[in-house]
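Asks:
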Amino acid sequence: MVTVNGGYIKGGANYRANDNSNFFFNVGQIMRPPSFDGVFPNADYDFEEADEILNESFTSFELGYGFRSSNFKGTINAYHTVWGDRTLRRSTSIDDQGVRIIYSGVEQTHQGIEGEMTWYPSSRLRVKGMFSLGDWKYTKNFQGDAYFIDNNQPAGTTGTLYLDGVKIGDAAQTVLYLGFDYKLTSKLSVDLDMMSYDNLHGRFGPLDSEFNSANNRGSIKLPSWGTADLGATYSFNLLGYDARARLNVNNCLMKNIFHNHKLISITMVEELGMVLMLKTMYTLEKGQHGI
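The structure is reproduced here in structure tokens:
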């Protein structure tokens, strides 16, 4: 049995400058036990554990500012996170002999700026907003040592993963949101939510053969897109209970949605029309508002 200990430490502070403003920061580090490849790098030959087992590390830093008044509240923060000390293993062949290549110290960096706000221009209107501007990528190339699979002896060569500057995939790194909620009457309100997505790259693994060459294409960047959803809510009394009826019109601009994105290509484009939904909500006890 192999036991690998991990742990984390985190700290932060918040300073209130006055009744409206505050500044805050957070720092932390997580030491996570490695994956199977980091403990048994030569598992295709025997299950002898590695001479040195290194935990994966997550080191993060966040700095932010908040503002609050009678009709407005918002925050903005910058963050920087490094996920490092990963071990990866791949199998290949040299002169028809099976070879395993072990890469250590694999690292990626996530950094960016985020913000959110809620504003009440009047007693009837609420405006909400959010943005996230990220820069998530691998920050260097990685060398690996090669071993013959049949005898676990050094193969006398190395392998390189050319990942320097390659963007992390499968999540939009630029997201914008703006929403409006307006009370037409004490019982009827309408709302509009708009989202924009950009800087989205295809899903891939760092061991994909594309990255064996320094002249690789990186991760494929997908087209940006946006959505707009309309809604209306009506509150009423139903047999002595508080109730609400909700109507949603999702994707009212009938935008195209791209999905099933991969490193090399976009395999499918689906046109998604408007979606209408109607639901009702009520409470189980008289006089209480449902959710």
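Under numbering that gives the first Met the number 0, the residues of the sequence shown are numbered 0 to 290, in order.
Glycine included, each C-beta is placed from N, C-alpha and C at the ideal position.
Quantities reported herein were computed from a predicted structural model and do not represent experimental measurements.
1. Determine the burial state of A16: buried for a count of at least 16 other Cβ atoms within 10 Å of its Cβ, exposed for fewer.
2. If I measure Cβ to Cβ from V189 and keep anything under 6 angstroms in the same chain, skipping five residues before and after, which residues do I get?
3. Cβ of D84 within 9 angstroms of Cβ of S56?
4. By Cβ distance, which residues of its chain are closer than 6 angstroms to H258, with the 5 residues on each side in sequence left out?
5. Pull the bridge partners of D180 from the DSSP assignment, please.
6. Please report the distance separating the alpha-carbon of D207 from that of S218.
7. Straight-line CA distance for F210 to P32?
8. Kindly list the residues whose CB is nearer than 7 angstroms to the CB of T91, restricted to its own chain and excluding five residues on each side of it in sequence; keep chain order.
9. Check for me: the beta strand (DSSP E) holding L87 runs from which residue to which?
10. If we call anything under 9 angstroms between Cβ atoms a contact, is G178 one with K136?
11. Taking I75 and G114 to be in contact with their CB atoms under 8 angstroms, please state how far apart those CB atoms are, rounded to whole angstroms.
12. For F23, which residues of its own chain have a beta-carbon under 6 angstroms away from its beta-carbon, when the five flanking residues on both sides are left out?
13. Do G201 and T173 have their C-beta atoms closer together than 9 angstroms?
14. Taking the beta carbon of L160 as the centre, do at least 16 other beta carbons fall within 10 Å, making it buried, or is it exposed?
Replies: The short version:
1. By the neighbour-count criterion, in which 16 or more other beta carbons inside 10 Å mark a residue as buried, A16 falls on the exposed side.
2. Y181, A231
3. yes
4. Interpretation of H258 is limited by its pLDDT of 47, a score under 50 that renders its predicted location unreliable; the figure taken from the coordinates is listed afterwards. The answer is none, since no qualifying residue turns up.
5. Residue pairing by DSSP puts D180 in a beta bridge opposite R125, D190.
6. 11 angstroms
7. 26 angstroms
8. V98, I100
9. The continuous beta strand (DSSP E) containing L87 extends over residues 71-93.
10. no
11. 4 angstroms
12. N13, G63
13. no
14. buried
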